[in-house]
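So the structure is just underneath, and the comments pick up after that.
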Amino acid sequence: MWKLAGALLASASMALAGCTATGAVAGGVAGHELTHGSTAGTIGGAVVGGVVGHELGK
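According to mature numbering (1 follows the signal peptide of the UniProt record, and there is no 0), the residues represented by the sequence shown are -17 to -1, 1 to 41, in order.
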């Protein structure tokens, strides 16, 4: 799982070069891990991470 998360994070930061995308990936991974694989937790984490990444990138 962590190899996949690292690959997704690296590709999001390199290909899209956006704080929003990077935050969404990191939040999705964190949400997935914290809720033990819950789909709602993964999506919720991605949304929150995307918002945080967007705000930090301003």
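Beta carbons are placed, not taken as given, at the ideal position from N, Cα and C, and that holds for glycine.
The structure displayed is predicted, hence computed values, not measured ones.
Worksheet item: Going by C-alpha distance, which of 2, 6 and 1 is nearest residue 32?
Response: The residue labelled residue 32 in the question sits at position 49 within the sequence shown. Ranking the options by Cα distance to residue 32, first place goes to 6.
Discussion item. To the nearest angstrom, how far is the alpha carbon of residue 16 from that of residue 40?
Written reply: The residue given as residue 16 occupies position 33 in the sequence shown. The residue given as residue 40 occupies position 57 in the sequence shown. Rounded to whole angstroms, residue 16 to residue 40 spans 25 Å at the Cα level.
Item to complete: Return yes when the Cβ of residue 36 is within less than 8 Å of the Cβ of residue 25, no when it is not.
Response: Counting from one through the sequence shown, the residue named residue 25 turns up at place 42. Counting from one through the sequence shown, the residue named residue 36 turns up at place 53. Contact: no.
Worksheet entry | Supposed contact pair residue 13 and residue 27 - C-beta distance, whole angstroms, cut 8 Å | Reading the sequence shown from its first residue, position 44 is the one you call residue 27. Reading the sequence shown from its first residue, position 30 is the one you call residue 13. Contact flag wrong, Cβ pair sits at about 10 Å.
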